[in-house]
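These notes are about the structure you will find just below.
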Amino acid sequence: MSAPPSLKPPATAAAASPRAVAAPRATALRSACARPTRRLQFSASAAVAGASTEMTDDNLGWAERSLEELGSLPDKDTFCLMALSPLDGRYDRFIKDLMPFFSEFGLIRYRVLIEVKWLLKLSQIPEITEVPPFSEEAQLFLNGIVQNFGIDDAKEVKKIEKITNHDVKAVEYFLKQRCSSNPEIAKVSEFFHFACTSEDINNLSHALALKEGVNGVMFPAMIDICKAMCSLATQNSAYPMLSRTHGQPASPTTVGKEMANFAARLSDIGKSFSEVKILGKFAGAVGNYNAHVVAYPEVDWPKVAEEFVRSLGLQFNPYVTQIEPHDYISKLFNLFIQFNNVLTDFDRDMWSYISLGYFKQIPKAGEVGSSTMPHKINPIDFENSDGNLHLANGILSAISIKLPISRLQRDLTDSTVLRNLGVGLGHSLLAYKATIRGISKVQVNESRLAEDLEKTWEVLAEPIQTVMRRYGIPEPYEKLKELTRGQAVTKDSMQQFIDGLDIPEEVRSKLAKLTPHSYTGLADDLAKDIEKLVDLESRFKIK
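For what it's worth, our numbering labels the leading residue of the sequence shown as 1225, then goes sequentially.
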């Protein structure tokens, strides 16, 4: 079947370099959490064989341009109103940075990239004399198709797909038609998709989307969260706060130390992301290079495939069926699930602290908390994050469980699942930005913290009985239990108990000076030291 003749050729043979535009960033935190605008990076899209896989900002200009095109569409508001998923409707302004990577447009563009790079790779193999090395002009022409690929081009591919009913074949036909105006490339256009199965193209496309989308969009938001928590920890390191274990008063801590706990947990998960290898395969219909060897038996095809996959900035998987088995996606998404679980824990703790009055929420002008109760300022950002983290983990978990399972050499069940990679990540990103907004709206309520501590002198039972043990006083635990458990304990009653202890006067004096406000151990120091532990430069990065 030939491609429809309506496809337009490239405007010029030599494509201009994409513009470098600053990527939209997450909602800024107030001064403690603010960070400079970060450009999308770690792109492998423009890599050629042997080229460096860490690309400059210019190489993600295509992502910026696609968002500009999307924003300029005259029917964008109507689409958002009718969108089935709230990610594409109500919340699109929060997650749009993911759209260039995980949308249908993104998938088509990555397929175009792989097909073009494969043709260029074939031209570099001496044994394949039918595809001689391309001239500089021809290379510019081919690379220009990728660099200038836009939404209108993707629409052309979709028109062809209506005829072929095959999405990858539609890309092949699109490229043949697009290159028909260039005689040098047109002569070898049948080598587009040479010896490839659709999954050779698809698995590399999804791998690049994950690497670029996660590095360029997801990780920056996750780092923002960790930095915001570190700021909360260091700025509030000394504010004493009543702990609650089982919901009941327990030994005091500080606000900063509790924030540091979460920063440490999330940072540690970030370290594990760097261990994930984004894999790709390029071994034909069932992973054995069957057609390759028949056509060109003299070529070392496993070596060629490995060179090609690595030139894209991906790791090579030599043992595959028709598909790359997706085990690395399961590993990657399980780490996101773990991160999301910890963040859910944080969201719920913040909700509880706000409910207890330990944090005050900063009112936002014009914002309504309740349609009937004018006074309300609700912790909606932490609640929004909590809900979206549950949705995200449900989707990410389903993908992680499903993808490694495929009947025999391949069934099609992974195809529809892979189209939802961005959905799980989208709900995660929505949650991350909500958490950051929530953090930016809270401030410590010192008077409320002090009030609760002043009501709970019984928490000093722990240090007193511990000191009594040191000085050999019998049954110290039991004596303090009798004094405090279920009893109303005051400063005076605790002081009276201390005065009756047979301990050195110097020790008695120190115990007498101890209060629920000062009994925080090393919490202040631990909170201040969190930034020494949280090394974000080497974490949250997929190489």
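The beta-carbon is built from N, C-alpha and C at its ideal position, and this holds for glycine as well.
Taking its Cβ as the centre, do 16 or more other Cβ atoms sit within 10 Å of residue i, making it buried, or is it exposed?
i       : result
PRO1198 : The shown model of the chain, from 1225 to 1767, leaves out residue 1198, and the question about it has no answer.
MET1718 : buried
ALA1238 : Residue placement at ALA1238 is poorly supported in this model, since its pLDDT is 37, which falls under 50; the coordinates still yield a value, given next. ALA1238 comes out exposed.
VAL1340 : buried
ASN1514 : exposed
ALA1589 : exposed
ALA1736 : exposed
ILE1586 : exposed
TYR1695 : exposed
SER1762 : exposed
SER1347 : buried
LEU1613 : buried
HIS1599 : exposed
TYR1334 : buried
HIS1470 : exposed
ASP1299 : exposed
TYR1577 : buried
PRO1603 : buried
Could you tell me the distance, in whole angstroms, from the CA atom of residue i to the CA atom of residue j?
i       : j       : result
LEU1627 : GLY1710 : 54 Å
THR1388 : ILE1375 : 20 Å
TRP1342 : LEU1567 : 41 Å
ARG1314 : THR1302 : 11 Å
GLN1633 : GLU1548 : 10 Å
TYR1397 : LYS1382 : 11 Å
ALA1362 : ILE1369 : 11 Å
VAL1412 : ASP1448 : 48 Å
ARG1317 : SER1579 : 29 Å
HIS1651 : LEU1311 : 7 Å
GLU1293 : CYS1304 : 15 Å
ARG1259 : GLY1504 : Any reading at ARG1259 needs caution, since the residue's pLDDT is 42, under 50, leaving its predicted position unreliable; the model's value is listed next. Rounded to the nearest angstrom, the two C-alpha atoms are 34 Å apart.
LEU1642 : MET1442 : 18 Å
GLY1295 : LYS1320 : 10 Å
ALA1247 : GLU1591 : At ALA1247 the pLDDT is 36, less than 50, meaning the model places this residue with poor confidence and gives no usable figure here.
MET1484 : LEU1738 : A quick correction: the sequence has Ala, not Met, at residue 1484. Using only the alpha carbons, I get a separation of about 25 Å.
CYS1403 : LEU1366 : 8 Å
LEU1536 : GLN1401 : 25 Å
ILE1727 : ASP1749 : 29 Å
ILE1561 : VAL1758 : 20 Å
VAL1713 : SER1733 : 20 Å
SER1359 : LEU1297 : 37 Å
ASN1644 : SER1309 : 12 Å
GLN1720 : TRP1681 : 13 Å
LEU1344 : GLU1530 : 15 Å
ILE1766 : SER1496 : 10 Å
MET1446 : ASP1571 : 14 Å
HIS1516 : PRO1444 : 41 Å
ASP1753 : ARG1672 : 26 Å
LEU1649 : SER1467 : 34 Å
ASN1427 : VAL1523 : 23 Å
SER1255 : GLY1285 : Bear in mind that a pLDDT of 41 at SER1255, under 50, signals an unreliable position, so the model cannot answer this.
LYS1379 : ILE1629 : 33 Å
LEU1264 : ALA1287 : At LEU1264, the pLDDT of 44 sits below 50, so the modelled position is not reliable; the number obtained from the coordinates is stated separately. Whole-angstrom Cα-Cα distance: 9 Å.
Measuring alpha carbon to alpha carbon, tell me which of the options ends up nearest residue i.
i       : options                            : result
LYS1703 : GLU1686, GLU1729, GLN1585, LYS1715 : GLU1686
LYS1393 : ASN1612, THR1640, GLN1348, VAL1336 : VAL1336
PRO1542 : ILE1766, LYS1527, VAL1438, PRO1324 : LYS1527
GLU1499 : TYR1552, LEU1636, GLU1288, LYS1411 : TYR1552
VAL1683 : ARG1672, ASN1367, THR1708          : THR1708
GLN1472 : SER1347, PHE1563, LYS1679, SER1639 : LYS1679
PRO1476 : ASN1372, HIS1741, SER1296, MET1483 : HIS1741
LEU1723 : VAL1355, MET1692, VAL1523, GLY1745 : According to the sequence shown, residue 1723 is Asp rather than Leu. The option with the nearest alpha carbon to ASP1723 is MET1692.
VAL1544 : ILE1561, PHE1583, CYS1450, ASP1424 : ASP1424
TRP1525 : GLU1755, ASN1426, ILE1561, PHE1418 : PHE1418
GLY1646 : CYS1420, GLY1330, ALA1378          : GLY1330
LYS1354 : PHE1415, MET1597, VAL1523          : Residue identity differs from the one stated: residue 1354 is Glu in this sequence, not Lys. Per the Cα distances, PHE1415.
PHE1207 : PHE1583, HIS1614, LYS1501, MET1446 : The chain is shown from 1225 up to 1767; residue 1207 falls before or after that span and cannot be answered.
ILE1349 : LEU1466, TRP1286, TYR1520          : TYR1520
VAL1533 : GLU1730, ILE1338, PHE1764, ILE1352 : ILE1338
Inset, instruction - Note down, one range per segment and in chain order, each alpha helix (DSSP H) of at least 4 residues found wholly within the region 1420 to 1500. - result: 1422 to 1437, 1443 to 1459, 1479 to 1497
Inset, instruction - Would you mind listing the alpha helix (DSSP H) stretches within the region 1564 to 1631 that are 4+ residues and don't spill past its ends, in chain order? - result: 1604 to 1626
Legend entry - Stretch pair the region 1655 to 1673 + the region 1603 to 1610: three plus CB contacts closer than 8 Å: yes
Legend entry - Three CB pairs or more closer than 8 Å across the region 1320 to 1339 and the region 1431 to 1438: yes
Legend entry - Inter-stretch contact (C-beta, 8 Å, three-pair minimum) for the region 1421 to 1432 and the region 1452 to 1459: no
Inset, instruction - State whether the region 1665 to 1677 contacts the region 1635 to 1642, with contact taken as three or more CB pairs (one from each stretch) at a distance under 8 Å. - result: The answer is no - the region 1635 to 1642 does not touch the region 1665 to 1677, with fewer than three Cβ pairs under 8 Å.
Legend entry - Stretch pair the region 1401 to 1416 + the region 1500 to 1509: three plus CB contacts closer than 8 Å: no
Legend entry - Sequence ranges, beta strand (DSSP E) only - wholly within the region 1671 to 1704, length at least 3: Complete beta strand (DSSP E) runs here, min 3: none at all.
Inset, instruction - Run through the region 1323 to 1390 for me and flag every whole beta strand (DSSP E) of 3 or more residues, listed as ranges in chain order. - result: none
Inset, instruction - Examine the Cβ distances between the region 1556 to 1563 and the region 1614 to 1628 and report whether three or more of them are shorter than 8 Å. - result: yes
Legend entry - Complete runs of the beta strand (DSSP E) confined to the region 1710 to 1736 [at least 3 residues]: none
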